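Numbering (the working numbering), first residue to last: 1 to 155. Written below as structure tokens is the structure these notes are about.
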């Protein structure tokens, strides 16, 4: 969380988000990349960091909120896909709820690692990297590596 205190002078910052996700399921590895506008927000009272963004998929618009605290990470998606992933930094497993419109899937997740770096020079920039595992009845069904690069958007 390098430089986080310097960021605290700005309440909300419009950012360009470059999101890269690598998923490994059995022997198959998939990569996806996304470049969208979003908003980064620091809650002065709690120190919680928030990132809001929207993406357009074939199924429709998906709104995503990422909340990071000193103890947990919460990833919520709504719209064309509804999902709630709650990770704990102590590596405790938690329940994942995913609703694709045809039914609800329940799985477990485990946060393996998270790193945050923020810089507040002339323009705000940051990077959030985290890795997690998805499990079904205790069996690994996928490893996910997420990288988010944030750059203040002055446009």
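Every residue, glycine too, gets a C-beta built ideally from N, C-alpha and C. Because the structure is a prediction, the values reported are computed rather than measured.
Determine the contact status of residue 135 and residue 106, defining contact as a CB-CB distance below 8 angstroms. no
Could you compute how far the alpha carbon of residue 73 sits from the alpha carbon of residue 90? 11 angstroms
When you compare only the Cα positions, how much space is there between residue 155 and residue 144? 32 angstroms
Using only CA atoms, which one of 18, 15, 113 and 30 lies nearest to residue 142? 30
Could you round the C-beta distance between residue 34 and residue 19 to whole angstroms and report it? I think they count as a contact, below 8 angstroms. 4 angstroms
Look up residue 48 in the DSSP assignment and say whether it is helix, strand or coil. If DSSP states are grouped into helix, strand and coil, residue 48 belongs with coil.
DSSP on residue 143, reduced to helix/strand/coil? strand
If you reduce the DSSP assignment to three classes, tell me which class residue 90 lands in. Coil at residue 90, not helix or strand.
In this structure, what does DSSP give as the bridge partners for residue 95? 108.
In angstroms, rounded to a whole number, what distance separates the CA positions of residue 122 and residue 152? 10 angstroms
Mind checking which residues open and close the beta strand (DSSP E) that includes residue 81? Premise fails: residue 81 is in no beta strand (DSSP E) and is neither H nor E.
Assign residue 113 to one of three DSSP states: helix, strand, or coil. strand
Between the Cα of residue 148 and those of 11, 16 and 45, spot the shortest distance and give me the residue it belongs to. When the alpha-carbon of residue 148 is set against those of 11, 16 and 45, the nearest one is in 16.
Going by C-alpha distance, which of 52, 21 and 64 is nearest residue 12? Residue 52 holds the alpha-carbon nearest to the alpha-carbon of residue 12 among 52, 21 and 64.
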